[in-house]
Each structure stands twice: as C-alpha cells, then as structure tokens.
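Visitor: Numbering (my numbering), first residue to last: 2 to 200. Ideal Cβ positions, reconstructed from N, Cα and C, are used throughout, including at glycine. One structure is given below, represented as structure tokens, and several questions about it will come after.
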Ligand code: GRF
C-alpha cells in the first residue's frame, strides 16, 4: 500500500524535489500523484514534468473569487483519490472550503520555529530580531495562518554574519530532510506501522 500524495507549490519547488527523491527510494511508502501550481512558469512545474508526475497550473488570478480557485484545485485533485496534501512553498492561504475537504490531511512546511515568525517573511523577520536560532516546521494546516498542530521541527542557529540568503539556504537544507521524513512517517502511520521514523 502506498500513500497517495498531492503537492501544491508556487515557486522553485526545491521541497517538491526532495519529496520526489524520497518517494523514488525503494523503501518509500508514498507516491506523488499530482502537482498543482498557482504560478505559470514556476520551476516546480518543470521538476514535476522531469519526474513524469502529472502537473497542472491553476493560476489563482484567473478566478473571480478564492472560492472558485479552490473549487478548481479540488476538482483537479478529486480523480487522484489523494490521501495527503502537502503545501510545499504554496503561497496562497486556503479557506475552510479547501481545508474541510481533507480533514487532518493537509500539511505545510514553514521556514521558522513556529509559533515564532509566522507569515510570508519568516526568514527576514528572524534575521532582524534578536533571536539566536530559527529553523523550520512541518505542521498540519488549520484555518489560521501557520497555526496548525506542529508535527516536527528542526532548529537552525543564526550566525552573526548571516544574510537572508545564507540563512534561507541553511533552513532550506533542513526542510529537505524534515519534510520527506514527515511524509514518510505519515505514510507508515497510514499503513498501521508504529515504527518510528529517523527523526
Ligand atoms: C520554503 O522555504 C518553505 O518553507 C516556504 O516556501 C519555501 C519554498 O521553497 N513555505 P521551494 O519552492 O520548495 O524551493
């Protein structure tokens, strides 16, 4: 049995790539059935095509309302019988319409140690704060912004000479381990295994 996963992305898709790589390992128990992207020309779409994963661009600005945009996302997911939706750099807030369609089955990766530094500028906000550490978080998505139950976190030190790019890069490296580990753990749980993952 394999967990049927959808990945929603908006940009570079480096987290998508990490998930693709993990899913291709023989021992992996999840499979990426579809990638949805709301930005035309996003590199995430290229990564999906390269891996022969069905991918669709659903540009949010072409819809008159958030409701219509989300209905279109849901319609694209439906035929794939998705069991887990992974937001991997998906830069749209999802309303209860979408969230209620996948109860306890939507996760997000965020570049801070939530609840610290929620929102779109988490890395910059950590850097300009007095914080000596930040990190990344994988959490279930609820109706708030970056507020859902935390599944796993990885701490990253902030160095005196860090600039946004260097800190972002170190956080990204940690995300590329943490997120696939969480998806694999959820896949194992879904199949009734109690064995702990490696984090
Ligand atoms: C990641 O840092 C993630 O935490 C945030 O958006 C970024 C996406 O990067 N939500 P990528 O598109 O996966 O490269």
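Take residue 158 and list the residues in its own chain whose beta-carbon comes closer than 6 Å to its own, dropping the five residues that flank it on each side.
Guide: Position 157 of the chain shown, counted from the start, is the residue given in the question as residue 158. The residues are 134.
Visitor: Give the C-beta separation of residue 61 and residue 39 to the nearest angstrom, bearing in mind that I take them to be a contact with Cβ-Cβ under 8 Å.
Guide: For this step, residue 61 is matched to residue 60 along the chain shown. For this step, residue 39 is matched to residue 38 along the chain shown. Residue 61 to residue 39, Cβ: 5 Å. Contact.
Visitor: Which partner residues does residue 110 have in the DSSP bridge list?
Guide: Taking the first residue of the chain shown as position 1, residue 110 is located at position 109. Per DSSP, 139.
Visitor: Report yes or no: do the stretch 14–31 and the stretch 87–98 share at least 3 C-beta pairs separated by less than 8 Å?
Guide: Yes, the stretch 14–31 is in contact with the stretch 87–98.
Visitor: On a Cα-Cα basis, can you pick out the residue from 115, 139, 128 that is closest to residue 107?
Guide: As a working mapping, residue 107 is identified with position 106 in the chain shown. Ranking the options by Cα distance to residue 107, first place goes to 139.
Visitor: What's the gap between the Cα of residue 185 and the Cα of residue 56?
Guide: Within the chain shown, the letter at position 184 stands for residue 185. Within the chain shown, the letter at position 55 stands for residue 56. For residue 185 and residue 56, the distance between alpha carbons rounds to 21 Å.
Visitor: Whole angstroms is fine: what's the gap from residue 45's alpha carbon to residue 76's?
Guide: Along the chain shown, read from residue 1 onward, the residue named residue 45 stands at position 44. Along the chain shown, read from residue 1 onward, the residue named residue 76 stands at position 75. Cα-Cα distance, rounded: 20 Å.
Visitor: Pull up the CB-CB distance for residue 35 and residue 54, whole angstroms please, since I reckon it's below 8 Å.
Guide: The residue you call residue 35 lines up with position 34 of the chain shown. The residue you call residue 54 lines up with position 53 of the chain shown. The pair is a contact, with the Cβ atoms about 7 Å apart (cut-off 8 Å).
Visitor: Roughly how many angstroms lie between the CA atoms of residue 99 and residue 64, to the nearest whole one?
Guide: Numbered from 1 along the chain shown, position 98 holds the residue referred to as residue 99. Numbered from 1 along the chain shown, position 63 holds the residue referred to as residue 64. The alpha-carbon atoms of residue 99 and residue 64 are separated by roughly 15 Å.
Visitor: Grab the span of the alpha helix (DSSP H) containing residue 21 for me, first residue to last.
Guide: As a first step, residue 21 must be located in the chain shown, where it is residue number 20. Run containing residue 21: 15–24, per the alpha helix (DSSP H) assignment.
Visitor: Cα separation between residue 111 and residue 160?
Guide: To locate residue 111, count along the chain shown from 1; it is residue 110. To locate residue 160, count along the chain shown from 1; it is residue 159. Approximately 20 Å, taken between the alpha carbons.
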